[in-house]
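Student:
Residue numbers (my numbering): 4 to 224.
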């Protein structure tokens with residue numbers, strides 16, 4: 004940058020003073036609210052659910068949990084978060100934790116996994132339990148969740164559309180290089196994505212993307 008070369012980041016950010024813009028695929032609020040709204044839709048806005056997180060001190064997951072709980076308090080008074088358990092980045096640990104939750108909290112009707120291995124781990128535990136009244140959702144990757152989504156054990160996963168993220172990043176890079184996107188902009192014309200919001204030095208892809216039976220086979224990652 005000291006030589007006049009523009010720098011942008013995407014997917015994972017650098018220090019703000021080291022780049023011009025960050026293309027942000029999803030905000031913590033967007034992730035938390037989307038997960039909570041999806042859980043409420045599946046449970047009819049009433050009943051108990053549980054969360055399988057990463058570690059109990061994981062910064063990103065705790066920020067998502069903050070917004071999940073905020074949304075829960077504001078919109079869904081008839082729902083209850085029964086327990087939060089760590090999956091520690093391990094599919095087998097998520098499997099074991101889910102088995103325990105189903106035994107200790109029999110009224111839980113939805114498991115929300117908020118780290119990649121937690122969703123298939125929880126899905127396998129629910130499948131083996133025979134509990135058809137328990138749903139699984141979460142934040143994960145399409146390929147490892149496809150078998151569980153097609154079987155109906157996992158209803159859906161939340162992430163972001165990686166194709167759109169790459170497309171937006173390329174457009175922003177060109178616009179910054181050409182001087183068409185500069186600090187102070189409030190929005191950005193992102194071609195087929197329409198008008199994209201710009202907040203300070205962050206270009207926001209938009210709301211998280213929901214993968215379910217209707218679209219998951221279109222993605223391979």
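By construction, the Cβ of each residue, glycine as well, lies at the ideal position given by its N, Cα and C atoms. Given the structure is predicted, the values throughout are model-derived calculations rather than measurements.
Given a threshold of 16 other Cβ atoms within 10 Å of its Cβ, counted over all protein chains shown, does residue 146 qualify as buried or as exposed?
Tutor: Burial call: exposed.
Student: In the DSSP assignment, find the beta strand (DSSP E) that holds residue 165 and state where it starts and stops.
Tutor: Not the beta strand (DSSP E): residue 165 falls in the alpha helix (DSSP H), residues 165-180.
Student: Pop quiz: residue 70 and residue 32 are said to be a contact at Cβ under 8 Å. What is the actual Cβ separation, rounded to whole angstroms?
Tutor: 5 Å
Student: Under the three-state reduction of DSSP, which class applies to residue 52: helix, strand or coil?
Tutor: strand
Student: Bridge partners for residue 202 per DSSP, in chain order?
Tutor: 205
Student: How close, in whole Å, do the beta carbons of residue 8 and residue 26 come, if the pair is a contact with beta carbons under 8 Å?
Tutor: Incorrect: roughly 17 Å between the Cβ atoms, too far for contact.
Student: Would you mind reading off the limits of the alpha helix (DSSP H) that contains residue 76?
Tutor: 62-78
Student: Start and end of the beta strand (DSSP E) containing residue 98?
Tutor: No beta strand (DSSP E) holds residue 98; the alpha helix (DSSP H) holding it covers 94-107.
Student: What is the residue span of the beta strand (DSSP E) that residue 89 lies within?
Tutor: 82-89
Student: Bridge partners for residue 142 per DSSP, in chain order?
Tutor: 161
Student: According to DSSP, is residue 46 part of a helix, a strand, or is it coil?
Tutor: helix
Student: Compare the Cα-Cα distances from residue 168 to each of 185, 120, 65, 209 and report the closest residue.
Tutor: 209
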